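Asker: Attaching a single structure in structure tokens format; questions to follow.
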Amino acid sequence: MKLLRLECYKCRRRKIVLVCAAVLAVELIWMGAFFTRQDAEDLKWGWMLLLYNLAMVDAIILPLSVATLASRSCELEHKGSTWKLLETMVSPGRLYAAKLCWGALVLAALLVIRSGLFLAVGIMQGFQGEIPWGRFGLFTLISWAVSMMVYSLQQGLSLRFANQAAALVCGISGSFLGILSMLFPPALIRCVPWGYYGLMSLVGMDWNAVTRVTRFHWQWPQPTDVVLLFLWAAVFFMAGRTLFVRKEV
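Quick note: the sequence shown uses my numbering, first residue 567, plus one each step.
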């Protein structure tokens, strides 16, 4: 807990709140522009349409956002050359875990607030049917789990390289691959870590090429995909932690 409080203290002036506010603003503007272009026939899908497009927006925005948060958390020690000082007081493994826990808390707060905002948007839009509280909660949990998997990768890169350009380029590439992977078959998406935002979406879309009618339906993540998500996270965690522990300071 002391290390976690230290991480929070160190990041007070890292403009983390500003980064999170920017993420929320971009998603709100994006979704607002999307809904203004929809007609009454499209809006009848209401909550399904909202969650389907939120998964797509997550695949575009969150990889870079996660990379930025990880970079903001780790670059301070690189700039101050304080790794040797820190590792005289605490083991590298515990320091790595504290930074990961800090990222988990920030992402959890960000995604809970995001879900609350879009629940309010849906209510204001007057979407038909009951409010899917449970599905929104599960959607938030899935977004957080996928984001933590990506965060494990990004933290490993941010801790390994003093130049944060390497981690940010990975985040930008992840944003591109995240949305592009939604066009891939599921077997191929499973090989793209950032593609899990769309792969584990709670809403599926069916488009009839003859009638040109789009329909949405509720769905559940496949158990195989859940297992693979945890495997990706474990690989990134172990690889990042091992490289950091063995890093010469």
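Where a beta carbon is used, it is the ideal one built from N, C-alpha and C, also for glycine.
Source: prediction; values computed, not measured.
Looking at the secondary structure, which residues open and close the alpha helix (DSSP H) in which R537 lies?
Answerer: Missing from the structure shown is residue 537; the chain here goes from 567 to 815 and no further.
Asker: Determine, using beta carbons only, whether T706 and V678 come nearer to each other than 9 Å.
Answerer: yes
Asker: Express the C-alpha separation of R781 and G688 in angstroms, rounding to a whole number.
Answerer: 19 Å
Asker: Run the CB neighbour count on A621, radius 10 Å, all protein chains shown included, and call it buried at 16 or more, exposed below.
Answerer: buried
Asker: Contact between the region 623 to 637 and the region 730 to 741: three or more CB pairs below 8 Å?
Answerer: yes
Asker: Provide the residue span of the alpha helix (DSSP H) that contains A800, from first to last.
Answerer: Counting along the chain, the unbroken alpha helix (DSSP H) around A800 starts and ends at 789 to 811.
Asker: Among the candidates G692, R756, C640, A674, whose CA atom is the shortest distance from the CA of W611?
Answerer: G692
Asker: Report the option in A588, K581, W668 whose CA atom is closest to the CA atom of R680.
Answerer: A588
Asker: Helix, strand or coil for D624, going by three-state DSSP, please let me know.
Answerer: helix
Asker: Could you check if S709 is buried or exposed, using at least 16 other CB atoms within 10 Å of its CB as the buried criterion?
Answerer: buried
Asker: Check whether the region 654 to 666 touches the region 569 to 584, taking contact to mean three or more Cβ pairs, one atom from each stretch, closer than 8 Å.
Answerer: In the pairwise beta carbon analysis, the region 654 to 666 is classified as touching the region 569 to 584: at least three pairs are separated by under 8 Å.
Asker: Start and end of the alpha helix (DSSP H) containing W710?
Answerer: Start and end: 699 to 726.
Asker: For R638, count neighbouring Cβ atoms within 10 angstroms of its own Cβ and tell me buried if that reaches 16, exposed if not.
Answerer: Buried, by the Cβ-count rule.
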